[in-house]
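Each number in our numbering corresponds to the 1-based position in the sequence shown with 26 added.
Glycine residues also receive a C-beta, built at the ideal position from the N, C-alpha and C atoms.
Just so you know, these numbers come straight off a predicted model, no measurement behind them.
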Amino acid sequence: MSQIFDKDLFHNQLSTRWLGRDFEYLTKVNSTNSYLKKIPAKQIKHGRVVIADNQEKGRGQHQKEWLTEPCENLTFTLALKPDRAEGLTLLTLSCALAVANVLKYYSKKPVHLKWPNDIYSGQKKIGGVLTECSFLGPKPEKVLIGIGININQEEFYEDSVQQAISLFQLTGEKFKREEILAHILNRIEQLYQSWTDRDSVVHKEISKSLIGFGDWIRLSVDNEIIEGRFKFLGVNKKGELLVLNEKLELNTYSHEQIRIITGSESISKVH
Ligand code: BTN
27 MSQIFDKDLF HNQLSTRWLG RDFEYLTKVN STNSYLKKIP AKQIKHGRVV
77 IADNQEKGRG QHQKEWLTEP CENLTFTLAL KPDRAEGLTL LTLSCALAVA
127 NVLKYYSKKP VHLKWPNDIY SGQKKIGGVL TECSFLGPKP EKVLIGIGIN
177 INQEEFYEDS VQQAISLFQL TGEKFKREEI LAHILNRIEQ LYQSWTDRDS
227 VVHKEISKSL IGFGDWIRLS VDNEIIEGRF KFLGVNKKGE LLVLNEKLEL
277 NTYSHEQIRI ITGSESISKV H
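What follows is the structure, encoded as structure tokens:
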């Protein structure tokens, strides 16, 4: 039986200093990102978190929908006000890494990041991140990091664009969403500090979690395959993709449209 989000249970598990201390729970909203987008930055505190049990118009990357069953999953947005714009991709990846770490802990199974913003277990997507920023001159005035994670949903529509999986499907167990959310925010706050300190641990840990890390891969931009193979070295301090080409020259890519094609997928797309 689905249960509404229990705020007290969540607060009891939260050990952050600032993240999620300003917390808003909505039973229903179009999208937590769209909801926070409408609120002027001045009225938003750094670290505010908005969660909804039911998102009627959840949005994913590339104008796709993010639709999941009410009260079964986690759909929430963090509002952050970092001092710098540099490395925002790394910040998004840090949040995805926090989610992957926590899902790995609960599922006892490998959970990886898929460039740029996806969280995968095996061949299936278990979560995703949608970051939207507004700027005041060169400085970000509001960074909205929207996170969707499949927790207790028992099945997904067959025509889900990317094959989806939930924590329940991975483990056969149902989980307390409140506990998982608190755990994720605790971890994001730590990683945010490392990101602010420009600690190199962050991009190294992210790199190791990325699907294809250390492999020879192919790259595509807007579905066009880039010629040649590349050795995937992960991400640099800015969160840019780092690869060696076949002549062993170092290339970086920051373009969000870049896709990494690994393993058997690379063979079927090329031949
Ligand atoms: C993706 O993988 O395409 C990103 C999915 C992001 C979904 C989350 S759910 C909470 C927040 N509100 C939205 O409308 N989208 C993000």
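Could you say which of Ile287, Glu272 and Leu268 lies nearest to Thr278 if we only look at CA atoms? Checking every option, the nearest Cα to that of Thr278 belongs to Leu268.
With DSSP as the reference, identify every bridge partner of Arg110, one or two as the case may be. Arg110 is not bridged to any residue.
Beta carbon of Arg110 nearer than 9 angstroms to that of Pro66: no
Under 6 angstroms Cβ to Cβ from Thr115, same chain only, skipping five residues before and after it: list those, please. Gly265
Going by DSSP, which residues form a beta bridge with Arg85? Glu91
Cβ-based neighbour list, Arg285, same chain, cut-off 6 angstroms, excluding 5 preceding and 5 following: Ser246
For the beta strand (DSSP E) that Arg244 lies in, which residues bound it at each end? Trp242 to Val247
Can you give me the C-alpha to C-alpha distance between Phe182 and Ala190, rounded to a whole angstrom? 7 angstroms
Is Ile177 near Glu98, with beta carbons less than 9 angstroms apart? yes
Using DSSP bridges, identify the partner residues of Leu117. In the DSSP assignment, no residue is bridged to Leu117.
Quick check: what's the CA-CA separation for Gln89 versus Leu156? 10 angstroms
Is it the case that the CB of Thr53 approaches a heavy atom of the ligand SAH more closely than 8 angstroms? Annotation note on the ligand SAH: not contained in the displayed structure, which lists the ligand BTN as its ligands.
Which of the three DSSP states, helix, strand or coil, is assigned to Lys295? Low local confidence applies: a pLDDT of 43 at Lys295 is under 50, so the model's placement there is unreliable, with the coordinate-based value given in what follows. In this structure, DSSP gives Lys295 a helical state, which the three-state scheme calls helix.
Secondary structure of Glu272, DSSP reduced to three states: coil
Sequence ranges, alpha helix (DSSP H) only - wholly within the region 117-186, length at least 4: None, since the region 117-186 contains no complete alpha helix (DSSP H) of that length.
Where does Phe194 fall in DSSP's three states? Here DSSP, grouped into helix, strand and coil, assigns Phe194 to helix.
Which whole-angstrom value describes the C-beta separation of Ser192 and Ile152, a residue pair presumed to lie in contact below a C-beta threshold of 8 angstroms? 7 angstroms
Taking 7 angstroms as the limit between beta carbons, can you name the residues of its chain near Tyr132, skipping five residues before and five after? Leu193, Phe201 and Ile206
Terminal residues of the continuous beta strand (DSSP E) containing Lys257? Start and end: Phe256 to Val261.
Is the closest heavy atom of the ligand BTN to the C-beta of His72 under 8 angstroms? no
Going by C-alpha distance, which of Ala105, Gly46 and Lys33 is nearest Glu60? One detail in the question is off: residue 60 reads as Ser in this sequence, not Glu. Closest by alpha carbon: Ala105.
Straight-line Cα distance separating Lys33 from Trp44: Straight across, the Cα-Cα distance linking Trp44 with Lys33 is about 17 angstroms.
For Gly240, which residues in the same chain have their Cβ closer than 7 angstroms to its Cβ, ignoring the five residues on either side in sequence? Phe258
In three-state terms, what does DSSP make of Asp32? Correct three-state label for Asp32: coil.
Decide if His300 is buried, meaning its Cβ has at least 16 other Cβ atoms within 10 Å, or exposed. With the chain running from 27 to 297 in the structure shown, residue 300 is simply not present.
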